[in-house]
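Novice: One structure follows; several queries about it will come next.
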Ligand SMILES: Cc1cc2nc3c(=O)[nH]c(=O)nc-3n(C[C@H](O)[C@H](O)[C@H](O)COP(=O)(O)OP(=O)(O)OC[C@H]3O[C@@H](n4cnc5c(N)ncnc54)[C@H](O)[C@@H]3O)c2cc1C
C-alpha cells in the first residue's frame, strides 16, 4: 500500500470565501477566529455545498479489492482538476502493462465475525497465521508464474491478467472535492469497514492533516 497526496486546490479560506460570497465578502475580510466559527456553523447546519470547492488528488497503490470498495464512492468524485475534467479515477491498465509482480500480503489473518455486519473478528493464533501465510504465498507464486507462462505462450496481457488474484496491487489517481473525501473518511474509517481499506483511507486523512490546508474544516467534521 502506498498513498500520496499529489495535488491540493484550496484551503479553509476557500470554504469561507464560498460561504461569504452571499454577503459579497471574502474570508480575508474576517479574522481567523470568525472564519473558524463560520466553518463550524456551516458543518453544524449542513451547509455542505461550500466544502465542494476545494479539490484533492491522491495517487494510491492498493490491492484490487480495496480499489473496488473505494470506487463505490462516486458523488463529487467524478470531476477532475482542470485541465483534466472527468479524470476522477484512472487506474494502471493490465491490458498494457505487466504489473503482476506487486501484491499486498495480509499482515494478520482474522477469523470470520459472528456478527454479519462485521466482516472479521479476532486474529488467528500463531499456527493459524503461519499456515495462512504459506497458502497465500503459494497461491501468489502459482498465479504469478502462470501469468508469465501465458505471456510466454503468446497470450495477450488483457487475457493473461484474468488469472491473477485479488491481492494484486493496482495504482490509481483519485480526484474529488473535499466534501466527497470527507464522506469517504466518515464511512471507511468506521470499524465496520474492512481493515485493509481503513488503513488506506487513514493514510489519506493523515496526509491531508499533514498538509494543513483544511485544519478547521476537518476539525469541524470531527476528523
Ligand atoms: C462498511 C461498508 C459495507 C459495504 N458493503 C457493501 C456491499 O455489501 N455491497 C455493495 O454493493 N456496496 C457496499 N458498500 C458500499 C455502499 O453501499 C456505498 O455504495 C458506498 O459506501 C458509497 O457511499 P455513498 O453511496 O454514500 O457514496 P456516494 O456515491 O459518493 O454518494 C455520496 C452521497 O451522495 C448522495 N447520493 C448519492 N447518489 C444519490 C442519488 N442517486 N440520489 C440522491 N442522493 C444521492 C447520498 O447522500 C450519498 O451518501 C459498503 C460500504 C461500507 C462503508
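Numbering (the numbering used here), first residue to last: -12 to 210.
Here a beta-carbon is modelled for each residue, glycine too, at the ideal position from N, C-alpha and C.
#1: State the CB to CB distance for the pair residue 92 and residue 154, rounded to an integer number of angstroms; the pair is presumed to be in contact (CB under 8 Å).
#2: Taking the alpha carbon of residue 95 as the point to measure from, which residue in 107, 102, 23 has its own alpha carbon closest?
#3: What is the DSSP secondary structure of residue 91, reduced to helix, strand or coil?
#4: Within the same chain, show all residues whose beta-carbon is closer than 7 Å to that of residue -5, passing over the 5 residues directly before and after it, in chain order.
#5: What residues match up with residue 121 in a beta bridge as DSSP calls it?
#6: In three-state DSSP terms, what is residue 102?
#7: Could you tell me which whole beta strand (DSSP E) segments of length 3 or greater appear in the segment 145 to 201?
#8: Is it buried or exposed for residue 7, if we count other Cβ within 10 angstroms and need 16 for buried?
#9: So, residue 38 versus residue 176, is the Cβ gap smaller than 8 Å?
#10: Looking at residue 194 and residue -8, is the spacing between their C-beta atoms short of 8 Å?
#11: With C-beta atoms as the reference, is residue 208 less than 8 Å away from residue 188?
#12: Does the distance between the C-beta of residue 62 and the nearest non-hydrogen atom of ligand 1 fall short of 7 Å?
#13: Counting only the same chain and skipping the five closest in sequence on each side, list residues whose C-beta sits under 8 Å from that of residue 68.
#14: Since residue 49 sits in a beta bridge, which residues does DSSP pair it with?
#15: What number of angstroms, rounded off, separates the C-alpha of residue 13 from the C-alpha of residue 2?
#16: Would you mind working out which of 184, 142, 21 sits nearest residue 83, comparing C-alpha positions?
#17: Whole-angstrom Cβ separation of residue 159 and residue 76, contact assumed at under 8 Å?
#18: Going by DSSP, which residues form a beta bridge with residue 42?
#19: Mapping DSSP to helix, strand and coil, what is residue 107?
#20: Going by the C-beta, is residue 205 closer than 7 Å to any heavy atom of ligand 1?
#21: Grab me the residues of residue 78's own chain with a C-beta within less than 6 Å of its C-beta, minus the 5 sequence neighbours each way, in chain order.
#22: Could one say the Cβ of residue 35 lies closer than 8 Å to chain C's Cβ atoms, at least one of them?
#23: Please state if the CB of residue 137 and the CB of residue 87 are separated by a distance shorter than 8 Å.
#24: Using only the alpha-carbon positions, how far apart do residue 227 and residue 57 sit?
Specialist: This is what the structure holds:
#1: Residue 92 sits at position 105 when you count from the first residue of the chain shown. Residue 154 sits at position 167 when you count from the first residue of the chain shown. Indeed they touch by this definition, with Cβ atoms about 7 Å apart.
#2: Position 108 of the chain shown holds residue 95. Considering only alpha carbons, the answer is 107.
#3: As a first step, residue 91 must be located in the chain shown, where it is residue number 104. In the three-state DSSP reduction, residue 91 falls in the coil class, being neither helix nor strand.
#4: Counted from its first residue, the chain shown places residue -5 at position 8. Excluding residues within five positions, the ones whose Cβ falls inside 7 Å are 43, 198, 200.
#5: Taking the first residue of the chain shown as 1, we reach residue 121 at position 134. Beta-bridge partners of residue 121 (DSSP): none assigned.
#6: In the chain shown, counting from the first residue as 1, residue 102 sits at position 115. In the structure shown, residue 102 sits in coil (DSSP, three-state: anything other than H, G, I, E or B).
#7: Runs of beta strand (DSSP E) with 3 or more residues, each lying fully within the segment 145 to 201, are found at 156 to 164, listed in chain order.
#8: One-based indexing of the chain shown puts residue 7 at position 20. With 16 or more other Cβ atoms within 10 Å, it is buried.
#9: Counting from 1 along the chain shown, the entry for residue 38 is found at position 51. Counting from 1 along the chain shown, the entry for residue 176 is found at position 189. With respect to the 8 Å criterion, residue 38 and residue 176 are not classified as neighbours on the basis of their beta carbons.
#10: One-based indexing of the chain shown puts residue -8 at position 5. One-based indexing of the chain shown puts residue 194 at position 207. In contact: residue -8 and residue 194 (Cβ atoms closer than 8 Å).
#11: On the chain shown, residue 208 is found 221 positions in, with the first residue counted as 1. On the chain shown, residue 188 is found 201 positions in, with the first residue counted as 1. Going by C-beta atoms, residue 208 is not nearer than 8 Å to residue 188.
#12: Along the chain shown, read from residue 1 onward, the residue named residue 62 stands at position 75. Checking every heavy atom of ligand 1 against the Cβ of residue 62, one is found closer than 7 Å.
#13: In the chain shown, residue 68 corresponds to position 81, counting from 1. With a pLDDT of 43 at residue 68, under the threshold of 50, the predicted position of this residue should be treated as unreliable, though the coordinate-derived value follows. So the qualifying residues of the chain are -6, -4, 42, 44, 74, 162.
#14: The residue labelled residue 49 in the question sits at position 62 within the chain shown. Note: residue 49 sits in a beta bridge opposite 157.
#15: On the chain shown, position 26 is the one that residue 13 refers to. On the chain shown, position 15 is the one that residue 2 refers to. Taking the straight line from one Cα to the other gives about 10 Å.
#16: Within the chain shown, residue 83 is the residue found at index 96, counting from 1. That would be 142, whose Cα lies nearest to the Cα of residue 83.
#17: Here residue 159 is taken as the residue at index 172 of the chain shown, counted from 1. Here residue 76 is taken as the residue at index 89 of the chain shown, counted from 1. Distance from residue 159 to residue 76 at the Cβ level is roughly 6 Å; contact confirmed, criterion being Cβ atoms closer than 8 Å.
#18: Here residue 42 refers to the residue found at position 55 of the chain shown. Residue pairing for residue 42: DSSP places it in a beta bridge opposite -4, 164.
#19: Translated into the one-based positions of the chain shown, residue 107 becomes position 120. Residue 107: strand per DSSP, three-state reduction.
#20: Taking the chain shown and counting its residues from 1, one reaches residue 205 at position 218. Outside the cutoff, so no.
#21: Here residue 78 corresponds to residue number 91 of the chain shown, with the count starting at 1. Cβ neighbours of residue 78 beyond the five flanking positions: 157, 159.
#22: Absent from the structure: chain C. Only one protein chain is present.
#23: For the purposes of this step, residue 87 is taken as residue 100 along the chain shown, with counting starting at 1. For the purposes of this step, residue 137 is taken as residue 150 along the chain shown, with counting starting at 1. Note that the C-beta distance between residue 87 and residue 137 is not below 8 Å.
#24: There is simply no residue 227 to check, as the chain begins at -12 and stops at 210 in what is shown.
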